[in-house]
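Participant: Number 193 in the numbering used here belongs to position 199 of the sequence shown; there are no gaps in the numbering. Dropping the structure in here first, questions after.
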Amino acid sequence: MKVPFKWLKDYIEIPVSAEEFADAMIMTGNGVEGIEERGAEIRDVLVGKIVKLEKHPDADRLQICSIDIGKEELLQIVTGADNVFEGALVPVAMVGCHLPNGMHIKKGKLRGVPSLGMLCSGEELCLKESDYPGAGVYGILILQDGQPGQDVREVLMMDDKVIEFEIGANRPDCLSVIGIAREGAAALKEGISLPEPKFSESEGDISEYVKVTVENKELCPRYMARAVKNVKIGPSPKWMQERLSAAGVRPISNIVDITN
């Protein structure tokens, strides 16, 4: 079972590294198969804001981008992508960067115009649509948020480590993030803060919508049902999609993702 380290920190104070936390969990009898650093191959890629776009003087299909990367001077990059626009937030691979797809970024000139970096697509960052919305689109990856100069891994929610646990059949209580958090709190002698779900109930009789019949009370002593009305199926919030992806679960829709 894969558990994002930052997710655990929502519930418990963890004053140690992911590796030390994993060691502490091993001492409680839970196996650890490995620790994965998300976005480990994405280095020296920053969030850039396209401030100005100009047509290349000698190439119809090229554009000259003036990009804010959080420094005093704007960075000039030439691109052939046609989905960029002024104000767009984009991943900017800096000179000297080695991208996950094996590409090495160097200073260059395109038709005589200097280009000091590269705008990245989701494919060049080895991202899938399930990793970040828009990563599967042909063209430059347009980021939904972020600040110029910020490490793009923070925006992609990939600045995290994921611990893969091997949970024994005798510990079903650990087969959830909250279960691991409880175990971790005990192992580290730390307090735990669990969320308290809040909801409001409307008037009406549940029997108007659904009826539950238990035919064998020995096999199933109790079975409960609740009706939820006015639900609109759509994409889950970005934070939920990213956490599920980190845990190895493909986001599908808000209803499916909530159950996961």
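Ideal placement from N, C-alpha and C gives every residue a C-beta, glycine not left out. Fair warning: this is a prediction, and the values are worked out from it, not measured in the lab.
What are the partner residues of L93, as DSSP defines its beta bridges?
Facilitator: For L93, which the question treats as bridged, DSSP gives no partner whatsoever.
Participant: Short check: CB of V84 to CB of I8, under 8 Å?
Facilitator: Going by C-beta atoms, V84 is not nearer than 8 Å to I8.
Participant: Go through the stretch 113 to 165 residue by residue and report every complete run of the beta strand (DSSP E) that reaches 3 residues or more, in order.
Facilitator: For the stretch 113 to 165, whole beta strand (DSSP E) runs of length 3 or above, ordered along the chain, are 155 to 160.
Participant: Which residue wins for smallest C-alpha separation from P166, given the options N24, L2 and F15?
Facilitator: P166 has its Cα closest to that of N24, out of N24, L2 and F15.
Participant: What does the Cβ neighbour count give for M151, buried or exposed, with the cut at 16 atoms within 10 Å?
Facilitator: Flag for M151 reads buried.
Participant: Can you tell me whether C59 is helix, strand or coil according to DSSP?
Facilitator: C59: strand per DSSP, three-state reduction.
Participant: Looking at the ligand SAH, does it come within less than 7 Å of K226, judged from the CB to the closest heavy atom?
Facilitator: Among the components modelled here there is no ligand, and therefore nothing to report on the ligand SAH.
Participant: Is E236 helix, strand or coil by DSSP?
Facilitator: Helix.
Participant: What would DSSP say about V(-3), mapped onto helix, strand or coil?
Facilitator: V(-3): strand per DSSP, three-state reduction.
Participant: Would you say I134 and A75 are within 8 Å of each other, going by their C-beta atoms?
Facilitator: Their beta carbons are under 8 Å apart, which means I134 touches A75 by this criterion.
Participant: Answer with buried or exposed for S247, where buried requires no fewer than 16 other C-beta atoms within 10 angstroms of its C-beta.
Facilitator: Exposed.
Participant: For E177, count the other beta carbons within 10 Å of its own beta carbon; 16 or more makes it buried, fewer makes it exposed. Which is it?
Facilitator: The residue in question, E177, is buried, as its Cβ has 16 or more Cβ neighbours within 10 Å.
Participant: Within 10 angstroms of its Cβ, does I20 collect 16 or more other Cβ (buried), or is it exposed?
Facilitator: When all chains shown are included, I20 counts as exposed.
Participant: Just the Cα atoms here: how many angstroms apart are E67 and L169?
Facilitator: Using only the alpha carbons, I get a separation of about 50 Å.
Participant: Quick check on this structure: which residue in F15, V107 and V(-3) has the alpha carbon closest to the alpha carbon of A180?
Facilitator: Answer by Cα proximity: F15.
Participant: Return helix, strand or coil for E7, following the three-state DSSP convention.
Facilitator: Looking at E7 - three-state DSSP - the assignment turns out to be coil, as it is neither helix nor strand.
Participant: How close, in whole Å, do the beta carbons of I71 and S109 come, if the pair is a contact with beta carbons under 8 Å?
Facilitator: Their Cβ separation, rounded to whole angstroms, is 5 Å, which keeps I71 and S109 in contact under 8 Å.
Participant: Whether or not the stretch 217 to 225 and the stretch 192 to 208 are in contact is what I'm after, with contact meaning three or more pairs of Cβ atoms, one per stretch, closer than 8 Å; do they touch?
Facilitator: The stretch 192 to 208 vs the stretch 217 to 225: in contact.
Participant: Leaving aside the five residues before and after C91 along the sequence, list all residues of the same chain whose C-beta is less than 6 Å from its C-beta, in chain order.
Facilitator: Closer than 6 Å at Cβ, skipping near neighbours: D38 and I99.
Participant: Which word fits A240, buried or exposed, when buried means at least 16 other C-beta atoms lie within 10 angstroms of its C-beta?
Facilitator: Under this definition A240 is a buried residue.
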